[in-house]
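Below: one structure, written as structure tokens.
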Amino acid sequence: MGGRGIIAAHVQRIECGKEPAMATAQKDSRFSNDPRTRINRGPAPAPPVLLLVAVLLSSLPAQEETAGPVPRFTLAVPGFENRTGDPDLAHWSHGAALLRGSLREVQAVRVLSEGATRYALGQVGLRAGDPIDPNTARRMGESIEAQRVLWGYYTKKADRWRVAVRVLNVATGAVSAELAAEASDWFEIRDRLTEQVLTELSVIPTAEEREKMAQRWTRSTEALDWYLQGGRADEQGKPAAEVEALLRRALGVDPNGALAYCSLAGALATQGQLDGAEETARRALDLKSDSARAHYVLGWVHMIRNQLGQAEAELRRASQLDPQDADYLVDLARICLAQRKGEEATALLEKAVTLDRTAAAAHAALANAYVLQKRPNDAVRELAEARRYLPAGVHGANALSSIAVAYGMLGRRSEALEYYERTLPLARELGANPNMIRLIENRIQQIRSTLTPTFIQAAPPRRYTEEELNGLLQQKLTDDERRWTANPFSCTEAMRQWARELTQGVDTDLNKAKAIFEELAARLFDPGGRPKNRTAREVFDAWKDPKVCLMCADHAVL
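Per the working numbering, residue 2 is the first one in the sequence shown, and the count goes up by one each step.
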């Protein structure tokens, strides 16, 4: 169902050596329930949001991911226009997912994500199901670097549907003739249109691909109707409980609909019903063992429960079954970060943003990985990309929470607070797990408390005259220690040389102080560490070692 995020609010913030506010008792047990996912791909809507608030700081054993052949075409397929004249049939616009799913089985064609298509629609001021003309289709394709755009409409007379589509070559502006199919069964329409579209693209599928393309997850028109209503509800940002009810209606008609079970598992996970989500995902796998989405949902359930090994296995399987899905790579990266394998996580995320540059959540997750690798400039760049592609409404929930986390880890609390506050109403709107909503609320309160001055009752400190202070320092400190107190960088020749290099060409004392401060600010706090009392010399000696955890107090000493 649509591309609604699971608010990946990895709610961790390391401030001045304090314990992460939402970390669990064990440092390597850092997953709690986090909001963020689209569990949909293929011939229909995906499941609603999973709400998971995760502290993602480690990694799992690296394995080679399946790359798959390089596609010849990138194709965008927005929802179809309703020309039936009946607004009650508007949900059949999501029938485009049937064609999208069939085309995804052909390796020569890479069907762009629903999130990318939604972004393209937004760039031209449209929503799913709005009328599209060739000029608009071309602008959409250009905005997401699609090579082809397929759009169309549907009508209905009695019990027979007619669906007509066109294919645009974005580079040349050439538009195909109308490709149409008519039947009472949407799967028949899907099959006929798929053949025509592939012929238009001059693509010949393999026998194995044809077999996969012909698969049907249901033979019931009524079940498909309820399922597409669930897709529309998800697209509109309805609460997960409402989406769940529609999916259960679909399964009540056809209890063997694997795709509906995948989506239902996502709706249950969103609401924190993990046992039901796991049981439902396993039912989907019983019906279709090679369902990438079912493995994906099951992986999320394991992740929420902190069963990282099992989560990794399921997410890797999902990625192997569908190597072109950027979401699966993002979630594998979360596992890697959760067990401190930053290099693999970064590689997965960099691949994800290459596959789908409009995936705001992927850019935000990559920003988090860069922060942990002490690459603040790269993190800021990815945060800018995440903000640029941020989806409207509930579809942006995951990216918003990930952006909040990254800003918090960069020490930019005001920005972190802004994005947490934007995440919270979306989590409530989705009907997410109440425990997770409380975690986000607590996080907001914690950050606010650091930004709001609090007056306390305390006796004023003793006042010393300059003479008294000098006398006391002479009693307590040696001459060298007194000199180091006045200028920490005079401790050693290496420290003096470092300070000279940082301030070379700088004129005033204030600007010299700024130059040194900027260098200190580049050394980020390390998550999970505990403060230690260090002298300025000890801090300087540890400065270049990224394995040493430095805190606010260490920065203050220098």
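Every residue gets a Cβ at the ideal spot worked out from N, C-alpha and C, and that includes glycine.
query	result
Segment limits, alpha helix (DSSP H) that includes E146	E146 -> no alpha helix (DSSP H), and no H or E assigned at all.
Residues that DSSP places opposite A251 in a beta bridge	Looking at the DSSP assignment, A251 forms no beta bridge with any residue, so it has no partner.
Spatial neighbours of Q374 in its chain, beta-carbon cut-off 7 angstroms, leaving aside the 5 residues before and after	G343, T347
Close-in-space but distant-in-sequence residues of the same chain around T222 (CB under 8 angstroms, 5 per side omitted)	S185, D186, W187
Spatially closest choice to A360 from R376, A387, R220, A380, by CA coordinates	A387
Given E179 as reference, the closest of E345, V198, Q321 once Cα atoms are compared	V198
For H95 and L229, believed in contact at Cβ under 8 angstroms, the rounded distance	5 angstroms
L330 and L299 closer than 8 angstroms at C-beta	no
Assigned exposure category for L511 - 16 Cβ within 10 Å defines buried	exposed
8 angstroms contact criterion, which I145 and A77 should meet: CB distance rounded	6 angstroms
Euclidean distance between Cα positions of G258 and T219	5 angstroms
Bridge-paired residues (DSSP) for R161	K158
Contact the region 231-248 vs the region 258-272: 3+ CB pairs below 8 angstroms	yes
Those runs of the alpha helix (DSSP H) which lie wholly inside the region 407-480 and span at least 4 residues	414-430, 435-452, 467-477
With 16 other Cβ atoms within 10 Å as the buried cut-off, status of N34	At N34, the pLDDT of 35 sits below 50, so the modelled position is not reliable; the number obtained from the coordinates is stated separately. Buried, because 16 or more other Cβ atoms sit within 10 Å of the Cβ of N34.
The region 79-96 contacting the region 127-135, beta-carbon criterion three pairs below 8 angstroms	yes
Contacts around R84, its chain only, beta-carbon distance under 7 angstroms, and the 5 residues preceding and following it disregarded	Y154, Y155, T156
Under 8 angstroms between C-beta atoms of P377 and G116	no
Burial state of R1 (16 or more Cβ within 10 Å)	What is shown of the chain runs 2 to 559, which leaves residue 1 out entirely.
A184 (DSSP reduced to helix, strand or coil)	strand
Cβ-Cβ separation, G142 to L169 (assumed contact under 8 angstroms), whole Å	7 angstroms
For V112, the first and last residue of its enclosing beta strand (DSSP E)	110-112
Cut-off 6 angstroms between Cβ atoms - residues of its own chain near R586, not counting five sequence neighbours on either side	Past the edges of the chain, shown from 2 to 559, lies residue 586, and the structure says nothing about it.
Assigned exposure category for P461 - 16 Cβ within 10 Å defines buried	exposed
Anticipated Cβ contact below 8 angstroms, A606 with N399, distance rounded	With the chain running from 2 to 559 in the structure shown, residue 606 is simply not present.
Neighbour flag for E201 against chain D, beta carbons, 8 angstroms	In the structure shown, chain D does not exist; there is a single protein chain.
Under the three-state DSSP convention, the category F541 falls into	helix
Separation of V107 from A208, as counted between CA atoms	10 angstroms
Beta-carbon proximity list for A138, same chain, < 6 angstroms, skipping 5 on both sides	V150, W152, L169
Cβ-based burial, L425 [other Cβ within 10 Å; buried from 16]	buried
Separation of E236 from R119, as counted between CA atoms	10 angstroms
For I448 and L202, the rounded distance between their alpha carbons	53 angstroms
R73 to A428 span [Cα, whole Å]	39 angstroms
Nearest-angstrom Cα separation, counted from R249 out to S264	10 angstroms
Those runs of the alpha helix (DSSP H) which lie wholly inside the region 197-258 and span at least 4 residues	208-214, 222-236, 241-254
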